[in-house]
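Enquirer:
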Amino acid sequence: MVRQLTQSQACEGFIHYRKATGKSPHTILDSQTTFRKLRSFFKDNPPLASLNREKLAAFFAWLQDGYLSEPDGVAPRGKIKLAPKSIANIHTNLSSFWSWAVQEESVTAHIIRTVDPPPFPPSGWKSSGIW
26 MVRQLTQSQA CEGFIHYRKA TGKSPHTILD SQTTFRKLRS FFKDNPPLAS LNREKLAAFF
86 AWLQDGYLSE PDGVAPRGKI KLAPKSIANI HTNLSSFWSW AVQEESVTAH IIRTVDPPPF
146 PPSGWKSSGI W
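Residue numbers (this note's numbering): 26 to 156.
1. What's the gap between the Cα of P72 and the Cα of F122?
2. DSSP three-state label for S94, please.
3. Specify the secondary structure class of P71 as computed by DSSP and reduced to three states.
4. Going along the chain, which residues of its own chain have a beta-carbon closer than 8 angstroms to the beta-carbon of F67, five neighbours each way excluded?
5. State the Cα-Cα distance for the pair A35 and D90, rounded to the nearest angstrom.
6. With distance defined between alpha-carbon atoms, name the residue in P146, S49, T59 and I40 nearest to L94.
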């Protein structure tokens, strides 16, 4: 039987799990940042089990086309689009989250695996500004 958790309840449970299993503060912060973006898109805090492939594909499309990030730092830089690597990192974070949710019986399937991450240049690749 699937446990009926809202998206925010499941995200909070996953953060507690990551802390309990000794994940680094950076890893935990990265997950929290991913979850803030998820909450920005799914404002109504739906049941986690109601999120399907179509809804998550819409979320990833929004990250690429509709979401603007405000970079940290002292100098004002304005809002920018996320880099493909940043969106791929969000995909990886959500994949870990869904693996946990399947183990916790909060969802029945690992649907993140059905949504391809965006392509990005390999590590160490020198960009000419065209990517």
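Where a beta carbon is used, it is the ideal one built from N, C-alpha and C, also for glycine.
Expert: With the structure as the only source:
1. Those two C-alpha atoms are separated by around 15 angstroms.
2. Three-state result, S94: strand.
3. DSSP places P71 in the coil class of the three-state scheme, outside both helix and strand.
4. Within the same chain, Q32, L76, K80 and F84 come within 8 angstroms of F67 by CB-CB distance, once the 5 residues on both sides are set aside.
5. Between A35 and D90, the C-alpha separation is close to 26 angstroms.
6. Here residue 94 is Ser; the residue named in the question, Leu, does not match the sequence. The candidate whose alpha carbon is nearest that of S94 is T59.
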